[in-house]
Amino acid sequence: MKNSMKGSHKYRNTGVQSGYVLLNEAFLSAACALAPVACLFHVGKNKNKKTARACLRPPRGAGCVEIKLLLLLSHSPCLFLIIIIIIINMNTNRMEALLNYWLWQEEYWLPPGISWQDTEMEQGEGHFPLPRDLIYTLPLAVVFIVLRYVFERIIAIPFSKCLGVKDRVRIRATSVPKLETFYKHNSRQPSQSEVVSLMKLCGLSQKKIQTWFKHRRNQDRPSNTKKFCEASWRFVFYLISFTAGLCSLINTPWFWDQKECWTGYPKQPVADVHYWYYMLEMSFYLSLLLSISVDVKRKDFKEQVIHHIATLFLISFSYCANYVRVGTLVMLVHDSSDFILESAKMLHYAVWTRTCDSLFIVFAVVFLVTRLVVFPSRIIHTTMVVSMDFFQPFFGYYFFNALLLVLQALHVFWAYLIVRMAFKFAFMGKVEKDERSDAESEVDENEEEEEDEESEEERDGSNWEQQKERINSKRTSLAKNCVLNNLTNQRNISSRLPKAR
1 MKNSMKGSHK YRNTGVQSGY VLLNEAFLSA ACALAPVACL FHVGKNKNKK
51 TARACLRPPR GAGCVEIKLL LLLSHSPCLF LIIIIIIINM NTNRMEALLN
101 YWLWQEEYWL PPGISWQDTE MEQGEGHFPL PRDLIYTLPL AVVFIVLRYV
151 FERIIAIPFS KCLGVKDRVR IRATSVPKLE TFYKHNSRQP SQSEVVSLMK
201 LCGLSQKKIQ TWFKHRRNQD RPSNTKKFCE ASWRFVFYLI SFTAGLCSLI
251 NTPWFWDQKE CWTGYPKQPV ADVHYWYYML EMSFYLSLLL SISVDVKRKD
301 FKEQVIHHIA TLFLISFSYC ANYVRVGTLV MLVHDSSDFI LESAKMLHYA
351 VWTRTCDSLF IVFAVVFLVT RLVVFPSRII HTTMVVSMDF FQPFFGYYFF
401 NALLLVLQAL HVFWAYLIVR MAFKFAFMGK VEKDERSDAE SEVDENEEEE
451 EDEESEEERD GSNWEQQKER INSKRTSLAK NCVLNNLTNQ RNISSRLPKA
501 R
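Residue 108 in full-length UniProt numbering sits at position 108 of the sequence shown, with consecutive numbering throughout.
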């Protein structure tokens, strides 16, 4: 145990301590920067502005800081997180000791008989992955979010217009303040009893209330342009990531022989290209997780969140434990089919039906081969079976393989959806809808179809009314012409008759 703690302390000095100090300083800087902003925000919102401004003044005597912080927190709970960060920074040494004792134990991260001292490398041997490197994924994730915002508005939206993406003309719900309040604060789909109470409250019929909620839900649904922009952003990243990953791995020995993933483990240097491959992949998935609340929600929303979280744990753990070689293979296998899926979605929103169906066939073949054949037979077999020839099982071995099995379970679930779509395509001749569609439920899909039917009926009705008006106008004009012709004929006849004497 002493040797373990000694190795842990040595490893902490080489990477974890500096990483913790960087994270500590980042939190403290954020707290110092956000404190006056939050106070000013409190000044703008609080009715008793004298109390809020008093909290911004410097203290006058002992105990004033605590009193004013409590007074400010009682009116502005948004500062609670900042206070917690400052308290954590006041106990830096204790936090480091807890991290060393509970987190960086050699039994968790390294095989039996290997210590952190064995992983140290000299200057000429290369770079060993350190936990502090993962801190840079936080600002990189923010950079990805900003790049996505710029990309969608400068490139994706004009490109969608070039491809002919059209948004549906949705029927806007009429302005009913009471129903709007219920929709925002209570439920988007009221029950039968709630509909009855709303009938009494608003004085509307049941059909009108149900129609209003249906139109209101359809009004909040994302447009095809928004879906196209999200798909195009993911397509660009997955295509670049797969191309760069393949170019960086095709000449490596572990790309062709997976046993090389464990040769010399854990003392394996990490190349710069693989380091950036890891950083960018983790930053991208972190940006997706941060923006998932504002993205288009799909039927598999929960599975998508589980996938992103498992991927982040897998990337971070494999980097800290130096499973970088097998980790790069995992990321390459996942990126191989994702860009095909996103390109098919883009063409689906642009209503390029034949091209979309062709890409769907390609995607289905690539997905089923890579996720159900290559991933379990090459990756999981390597981590679970082949690795046992090089070291004995330990906690990191079980944890890493558990995450891989979670991903494989999600692969089976998505493969089932793809097979269902392929079955429909084989018997109906076209892909009707993505099983992972943007509608949140089948009820929403039915409502969209009903809305389309209603809009078509309204268009047909308006066309029929216009046709009736045209026919009536023609009839009246013909009738007038007939009357005029009769009058002229009678006049001509009377003019020809001899005058009576």
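Each residue gets a CB set at the ideal place from its N, CA and C atoms; glycine is no exception.
Keep in mind the model is a prediction, meaning the values are calculated, not measured.
From the DSSP secondary-structure annotation, give me the bridge partner or partners of V270. H127
When the Cα of F425 is compared with those of L405, F367 and D357, which residue comes out closest? It is D357 whose Cα lies nearest to the Cα of F425.
Can you check the segment 223-300 for any alpha helix (DSSP H) of at least 4 residues that lies completely inside it and give the ranges in chain order? Segments of the alpha helix (DSSP H) lying fully in the segment 223-300: 224-249, 253-256 and 272-290.
Could you check whether P253 and F128 sit closer than 8 Å to each other, using their CB atoms as the reference points? No; because the gap between Cβ atoms is not below 8 Å, this pair is not in contact.
So, helix, strand or coil for S187, using DSSP? coil
Between the Cα of Y277 and the Cα atoms of L140, I114, V196 and F390, which residue gives the shortest distance? Taking each of L140, I114, V196 and F390 in turn and checking the Cα distance to Y277, the smallest one comes out for L140.
Are at least three pairs of beta-carbons, each pair with one atom in the segment 355-375 and one in the segment 326-341, less than 8 Å apart? yes
When the Cα of I361 is compared with those of K345, Y349 and F413, which residue comes out closest? K345
Just to check my reading of the structure: W109 and A173 have Cβ atoms closer than 8 Å, yes? What is that Cβ distance to the nearest angstrom? W109 to A173, Cβ: 56 Å. No contact.
Could you work out which residue in R132, Y416 and R153 is closest to M279 when comparing CA atoms only? R132
Rounding to the nearest angstrom, what Cα-Cα distance links Y238 and Y149 in this structure? 17 Å
Cβ distance (whole Å) where K166 is taken to contact N224 below 8 Å: Right, the Cβ-Cβ distance comes to about 7 Å (below 8 Å), so this counts as a contact.
Indicate whether residue 519 and K184 have their beta-carbon atoms separated by less than 8 Å. Coverage of the chain is limited to positions 1 through 501, which leaves residue 519 absent and any answer about it impossible.
Are the segment 285-302 and the segment 255-268 in contact at 8 Å, needing three or more beta carbon pairs? no
Could you please give the first and the last residue of the uninterrupted alpha helix (DSSP H) stretch that includes R354? T353 to V369
Under the three-state reduction of DSSP, which class applies to N218: helix, strand or coil? helix
May I have the straight-line CA-CA distance separating A402 from V386, to the nearest angstrom? 16 Å
Given 8 Å, three or more beta-carbon pairs between the segment 309-320 and the segment 405-417: In the pairwise beta carbon analysis, the segment 309-320 is classified as touching the segment 405-417: at least three pairs are separated by under 8 Å.
Would the beta-carbon of L329 fall within 8 Å of that of I250? no
Which residues in the same chain as A422 place their Cβ atom closer than 6 Å to its Cβ, once the five residues preceding and following it in sequence are excluded? A364
Cβ of G396 within 8 Å of Cβ of A321? yes
Helix, strand or coil at Y323 according to DSSP, with G and I counted as helix: coil
T181 versus H215 - alpha carbon distance: 15 Å
For L201, which residues from the same chain have a beta carbon less than 8 Å from its beta carbon, with the 5 sequence-adjacent residues on both sides left out? K178
Using C-beta distances below 8 Å, list every residue in its chain close to L197, excluding the 5 sequence neighbours before and after it, in chain order. The displayed chain sequence assigns Ser, not Leu, to residue 197. So no residue of the chain qualifies.
Identify whether A156 lies in helix, strand or coil by the three-state DSSP scheme. helix
With C-beta atoms as the reference, is F242 less than 8 Å away from F400? no
By Cβ distance, which residues of its chain are closer than 8 Å to I114, with the 5 residues on each side in sequence left out? E106, P266 and F391
Would you decide whether Y136 is buried or exposed? Buried here means 16 or more other CB atoms lie within 10 Å of its CB. exposed
What's the C-alpha gap between Y349 and A231? 10 Å
The alpha helix (DSSP H) that contains A141, what's its start and end? T137 to F151
Verify the CB distance criterion: does I379 have a CB-CB separation below 8 Å to chain B? Protein chain content of the structure displayed is limited to a single chain, and chain B is not contained in it.
Distance, Cα to Cα, V176 vs Q206? 14 Å
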